[in-house]
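In my numbering, the protein residues as written are 1 to 434.
Below is one structure, written out as structure tokens; comments come after it.
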Ligand SMILES: C[S@@+](CC[C@H](N)C(=O)[O-])C[C@H]1O[C@@H](n2cnc3c(N)ncnc32)[C@H](O)[C@@H]1O
């Protein structure tokens, strides 16, 4: 599955300094209709928020929905495909060429600027397949676990990469184990979690997999303490490029990255890739938030543009971070208020900007690919109110595409399943050559 030749393209990401190729690619793409542009602009820029407020946001959301319904009915909605044949419309899209919103978002630089080889049309095709699967999930209420966006991301990548072994750290009631199983029906899974998912069966829905080795209960061992050499040998694994490791254990991603690298793993997915100022563990996105990266680095100046924009966005999006939440003592903004969090916020360490900066250089030196799963739909579609769409990659289905969203069966899902998006990320890593 995962030889670099087959699973990666050699395009440079636009976040790298030399982004001309990506810019050209973006220009070649079919431009969205005015309707798409207006709705996308409204939800991803501060223009809307600066000139109105919460009240107008709600009114406009309603009007946009109404307009969407009208346009759909009158077949004027050029940006919504008239059937599920969306392929030609989106052919050649480069998933990295987004407008990251008025604040911008950092994007980790990889060694050679490689990216993934799937495109928006592949994600849309995947959604068509995944929605009916998701409807059969055994755990309908997965509060504290993954919602729709990340379940889809995990399923999509697992079925695309076709690993020979899947490892997960952090299982909770077993929803993510179930997702991995839907992607790869017969592939062995190793699941690491202090509490065995079967324990949850006593209280309600849970998922226990028949072809899964559980390092749980009295067999629990932390990912960093497992003798991977012998475990992989037991599973007949000799090619590490055929192993996919999924982390949803709320541990410092720097720690996990180093442990994975030491054991020789190459393909990793981190579920909670928290934005700067949020979350209970130091994430790759936080680490890469550096002023030399487009959209990275922050100003704690209380009367500055960033403070104003953040406060405006906070009034719309529950989990947006305002300047008071962003900046700690001595105007430390990196990590969470200058702290490197770990282990569900139980073990936090203040770090200097120098350490934070060095961490980013280390991460860049081992990254071959960095790719954040986009949200499945814009907020007018998903009706999510928690995360700020100005700090995420552009959604797979952009605002206003009510027809496509409905035809894929997504509007039938409870809107609460779209609230838990935290920039799940796929990375490929290899030892630093420098
Ligand atoms: C957010 S939940 C996982 C949710 C699950 N992946 C899902 O989608 O439903 C985090 C899980 O990590 C477990 N956990 C805590 N410390 C851990 C560790 N050191 N290694 C692995 N899992 C850990 C917790 O017990 C909990 O079950």
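Cβ coordinates follow ideal geometry from the N, Cα and C atoms, glycine included.
Beta-carbon proximity list for residue i, same chain, < 8 Å, skipping 5 on both sides
i, result
"residue 344", "250, 280, 281"
"residue 424", "149, 150, 153, 154, 269, 270, 271, 272, 273, 372, 373"
"residue 8", "With a pLDDT of 34 at residue 8, under the threshold of 50, the modelled position of this residue cannot be trusted; read the value that follows with caution. These residues qualify, in order along the chain: 114, 115, 116, 117, 368, 369, 428."
Cross-strand partners of residue i (DSSP beta bridge)
i, result
"residue 215", "192"
"residue 205", "Paired residue(s): none; residue 205 is not in a bridge."
"residue 377", "397"
"residue 124", "Per DSSP, none; premise fails for residue 124."
"residue 370", "427"
"residue 320", "Answer is none; residue 320 lacks a bridge partner."
"residue 114", "369"
"residue 168", "191, 246"
"residue 350", "339"
"residue 268", "245, 427"
Check: residue i C-beta below 7 Å from any heavy atom of ligand 1
i, result
"residue 346", "no"
"residue 142", "yes"
"residue 182", "no"
"residue 171", "yes"
"residue 384", "no"
"residue 356", "no"
"residue 251", "yes"
"residue 222", "yes"
"residue 424", "no"
"residue 193", "yes"
"residue 416", "no"
"residue 145", "yes"
"residue 117", "no"
"residue 248", "yes"
"residue 176", "yes"
Rounded C-alpha distance that separates residue i from residue j
i, j, result
"residue 169", "residue 248", "6 Å"
"residue 342", "residue 176", "21 Å"
"residue 300", "residue 215", "44 Å"
"residue 147", "residue 416", "8 Å"
"residue 224", "residue 166", "16 Å"
"residue 123", "residue 330", "43 Å"
"residue 393", "residue 375", "7 Å"
"residue 207", "residue 193", "13 Å"
"residue 292", "residue 433", "22 Å"
"residue 427", "residue 156", "14 Å"
"residue 379", "residue 118", "24 Å"
"residue 197", "residue 302", "46 Å"
"residue 352", "residue 387", "28 Å"
"residue 195", "residue 171", "8 Å"
"residue 246", "residue 400", "33 Å"
"residue 284", "residue 310", "22 Å"
"residue 218", "residue 317", "42 Å"
"residue 346", "residue 252", "11 Å"
"residue 238", "residue 211", "20 Å"
"residue 222", "residue 263", "13 Å"
"residue 406", "residue 332", "44 Å"
"residue 112", "residue 322", "34 Å"
"residue 203", "residue 411", "30 Å"
"residue 142", "residue 184", "21 Å"
"residue 385", "residue 230", "46 Å"
"residue 338", "residue 298", "12 Å"
"residue 304", "residue 422", "27 Å"
Own chain, CB closer than 7 Å to residue i, minus 5 neighbours either side, in chain order
i, result
"residue 287", "254, 359, 360, 363"
"residue 356", "334, 335"
"residue 138", "178, 205, 207"
"residue 144", "172"
"residue 160", "118"
"residue 85", "Its pLDDT being 38, under 50, residue 85 is placed unreliably in this model, and the coordinates cannot settle the point."
"residue 134", "148, 151"
CB of residue i within 8 Å of CB of residue j, strictly
i, j, result
"residue 390", "residue 313", "yes"
"residue 429", "residue 266", "yes"
"residue 340", "residue 354", "no"
"residue 234", "residue 277", "no"
"residue 395", "residue 377", "yes"
"residue 114", "residue 369", "yes"
"residue 209", "residue 189", "yes"
"residue 158", "residue 180", "yes"
Proximity test, Cβ basis, 8 Å: residue i and chain C
i, result
"residue 407", "In the structure shown, chain C cannot be found, because there is only a single protein chain."
Proximal residues to residue i (C-beta, below 6 Å), its chain only, five neighbours per side dropped
i, result
"residue 200", "173, 206"
"residue 295", "100, 104, 105, 106"
"residue 383", "415"
"residue 256", "247"
"residue 320", "313, 314, 388"
Residue i Cβ short of 7 Å to ligand 3 heavy atom set
i, result
"residue 240", "Of the ligands this structure carries, namely ligand 1, none is ligand 3."
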